[in-house]
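With positions in the sequence shown counted from 1, the corresponding number in my numbering is that position plus 1167. All C-beta atoms in this analysis are idealised placements derived from N, C-alpha and C, irrespective of residue type, glycine included.
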Amino acid sequence: MAETKYIFVTGGVVSSLGKGIVAASLGKLLQTRGYKVTIQKFDPYINIDPGTLNPYEHGECYVTEDGRETDLDLGHYERFLNIPTSKANNITTGRIYQNVINKERKGDFLGKTVQVVPHITDEIKRNIKILGKTGKYDFVITEIGGTVGDIESLPYIESVRQLRWELGKNCLCIHLTYVPYIAAAKEVKTKPTQHSVKLLQEQGIQPNILVLRTEKELSKAICRKVALFCNVDEDAVIQSYDVPSIYEVPMILAEQGMDKIILQKMDLPVTGTLDLTRWKEFLNNMKTATETVTIGLVGKYVELPDAYKSINESLFQAATYHRRKLDLRYIHSEKLTEKNAGELLSGLDGILIAPGFGQRGIEGKFVALKYAREHNIPTFGVCLGMQCMVIEYARNVLGLADANSTEMDSHTPHKIIDLMEEQKNLTVMGGSMRLGAYECQVTKDSKAYAAYQSERIKERHRHRYELNNEYKDLLEKNGMQCTGINPDTGLIEIVEVPALTWYLGTQFHPEYNSTVVNPNPLFLSFIQAAIDQQNKK
Ligand code: GLN
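Here is the structure:
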């Protein structure tokens, strides 16, 4: 396609409507028609990136291959589109201002007064177009974080207004709103949608398409009413009613012809077929699965499932692939003790020890690991989970009672997990971890190799500490093998205990690259081991 088309997705009424899922679903449909699509997110907060945010603030921090800490919606984009995102796919207000202020300090504005319009809006527009200018994409879908009417969103909405003017037919705006059901009146209400669209119009944007989030399916009459009040074509009022799984959303949008409507509105021929065969296969597996696989996720953010978004989705994808329902039980690591371990863990087919930072909840992870090891329950340690796996093994198998990570105890005599060399003199916390995809050499005779079927893999990282190589021989002599090594630095990336059925930890985060049509091999292997474990019972 000669010119890149830009689609903007804004949201109104309330947050958490699932703009990211709508953007990802729409991207999927256009991709399935043969177009090259990428999705980016603009977040209106002042942090340079979400890397410094507590998960309670913003859920999981997702990491791109090229090492950017990003919003968790990028995880949805990758899981739906099955193509990697990059640094350019997530921009925050903080980064926009930082760029503008850096230019100002260099004197690039030649004495001008630097203002929100045009300087901030120009920088937003420049960033919106970066991916389009690579020539790699037919469509760039841009999700604007936040809700119309937020003070923070204004410069973004203004930038979209300007771009619409500049890009003409190559630009399209989708607005996502909420249609609540008032139980007392037994009615759905469209007024919040009307107000939200009015607000958008006041800011100079007439949406081309409306997506109405609703609990129940809406009648034609309701959609007609919304169309009339909001100046939108009747067929361009799309509804996104509640479905059991986010992976069904593309089907709902396809049923209403959303992809065709977009192509027509952008003067593009409606060619290519919407071949969602593999997607439907996945949905079919999901719907027809009768048996369950029960996995316990041990972590400290269990009251907030978004904190482990990619892990949840990877487990779900792998279980679905194996035609199982996933029964995911969150086990609060702060509440797990030697005393209640049997009660909380014995019924599980597999245990995943979550990533994380800091001391809080760490003891519960050791309890879970000891129990899993002694009862030979398939266990998967991810990042901090892997580090805990090694510490527990050192304490209870190697007899190094004080073994610890220097993150938790800087004076431990056995620094089995220690700060990486390049981390030692760092003072800046933002964006300074070991981030992004690194190569890993996998030992042939290992569970990891059996899963990946490859000796060379690449997985994404986000950590400051590493397994101390000085303990490698001792661990290996005592049954914990280091089966994945970074070929350039010698850092240990995978550990396994071959004497156990499936006891494996990774310093990297395999959950970041697991997608619907391509579940991560380690998750597939872990779930298979959990199913085998269940069959043995
Ligand atoms: N806190 C550990 C480190 O920095 C692990 C990080 C993680 O689990 N992502 O090395």
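Once DSSP output is grouped into helix, strand and coil, what is the label at Asp1402? helix
Which of the three DSSP states is assigned to Arg1490 in this structure? It is coil, neither helix nor strand.
Mapping DSSP to helix, strand and coil, what is Asp1275? In the structure shown, Asp1275 sits in coil (DSSP, three-state: anything other than H, G, I, E or B).
Best match in Pro1580, His1499, Leu1277 and Ser1621 for proximity to Leu1113 [C-alpha to C-alpha]: Because the chain in this structure spans residues 1168 to 1704, residue 1113 falls outside the shown range and cannot be described.
Could you give the residue range of the beta strand (DSSP E) that holds Gly1598? Where Gly1598 is concerned, there is no enclosing beta strand (DSSP E), given that its DSSP letter is neither H nor E.
Which listed residue (Ile1544, Leu1602 and Ala1485) has its alpha carbon closest to that of Met1453: The candidate whose alpha carbon is nearest that of Met1453 is Ala1485.
Assuming contact is defined by CB atoms lying nearer than 7 Å, are Ser1412 and Glu1678 in contact in what I supplied? Taking 7 Å as the Cβ cut-off, Ser1412 and Glu1678 do not qualify as a contacting pair.
Is any heavy atom of ligand 1 found at a distance shorter than 6 Å from the C-beta of Arg1631? Yes, ligand 1 has a heavy atom inside 6 Å of this Cβ.
Whole beta strand (DSSP E) runs in the region 1600 to 1686 with 3 or more residues, listed along the chain? 1601 to 1609, 1623 to 1630, 1632 to 1634, 1648 to 1652, 1659 to 1663 and 1670 to 1673
Distance cut-off 6 Å: Gly1523 Cβ against heavy atoms of ligand 2: With respect to ligand 2, the structure offers nothing, as its ligand set consists of ligand 1.
Does the beta carbon of Cys1228 fall short of 6 Å from some heavy atom of ligand 1? No, the Cβ of Cys1228 stays beyond 6 Å of every heavy atom of ligand 1.
How is His1581 classed by DSSP in three states: helix, strand or coil? coil
In whole angstroms, give me the CA-to-CA distance for Val1534 and Asn1571. 14 Å
Selected residue, minimal CA-CA separation from Gln1700, among Thr1459, Pro1688, Glu1505 and His1286: Thr1459
Please state whether DSSP places Gly1528 in a helix, a strand or coil. coil
Residue span of the alpha helix (DSSP H) that contains Leu1298, given as start and end: Thr1288 to Lys1300
Kindly indicate the opening and closing residues of the alpha helix (DSSP H) around Cys1555. Note, Cys1555: alpha helix (DSSP H), Leu1551 to Asn1563.
Whose C-beta lies closer than 7 Å to the C-beta of Gln1695 among residues of the same chain, with five residues either side of it excluded? His1489
Using a Cβ cut-off of 7 Å (strictly closer), state whether Gly1517 contacts chain C. The displayed structure is made up of one protein chain only, and chain C is not part of it.
Can you tell me whether DSSP reads Lys1356 as helix, strand or coil? coil
Indicate whether the contact test is met: 3 or more Cβ pairs, each with one atom in the region 1514 to 1526 and one in the region 1540 to 1550, closer than 8 Å. With the cut-off at 8 Å, the region 1514 to 1526 and the region 1540 to 1550 touch.
Helix, strand or coil, according to DSSP, for Leu1695 in the structure here? Sequence check: residue 1695 is Gln here, not Leu. Correct three-state label for Gln1695: helix.
State the Cα-Cα distance for the pair Gln1526 and Glu1501, rounded to the nearest angstrom. The alpha-carbon atoms of Gln1526 and Glu1501 are separated by roughly 10 Å.
Whole-Å CB distance - Tyr1202 paired with Val1307, under 8 Å assumed: Wrong, their Cβ atoms sit about 11 Å apart, outside the cutoff.
Can you tell me whether Leu1551 sits near ligand 1, meaning its C-beta is under 6 Å from at least one heavy atom of the ligand? The answer is yes for Leu1551.
Note down, in chain order, each residue of its chain lying with its Cβ closer than 6 Å to the Cβ of Ser1326, except the 5 sequence neighbours on either side. Once the five neighbours on either side are set aside, the close Cβ partners of Ser1326 are Thr1288, Ile1291 and Lys1292.
To the nearest whole angstrom, what separates the beta carbons of Asp1426 and Thr1461, a pair I think is in contact under 8 Å? Not really, about 38 Å apart at Cβ, beyond 8 Å.
Please identify the residue among Ile1206, Ala1697, Ile1188 and Thr1205 whose C-alpha is closest to the C-alpha of Leu1482. Ala1697
With C-beta atoms as the reference, is Ala1615 less than 7 Å away from Gly1651? yes
From this set, Ile1405, Leu1503, Leu1450 and Asn1221, which residue's C-alpha is nearest Met1596's C-alpha? Asn1221
Under a three-way DSSP split, which group does Gln1370 fall into? In the structure shown, Gln1370 sits in coil (DSSP, three-state: anything other than H, G, I, E or B).
Cβ atoms of Gln1198 and Leu1241: under 7 Å apart, would you say? no
According to DSSP, is Asn1375 part of a helix, a strand, or is it coil? Coil at Asn1375, not helix or strand.
So what does DSSP say about His1225, is it helix, strand or coil? helix
Please report the distance separating the alpha-carbon of Leu1343 from that of Asn1398. 15 Å
Rounded to the nearest angstrom, what separates Thr1440 and Trp1446 at their Cα positions? 14 Å
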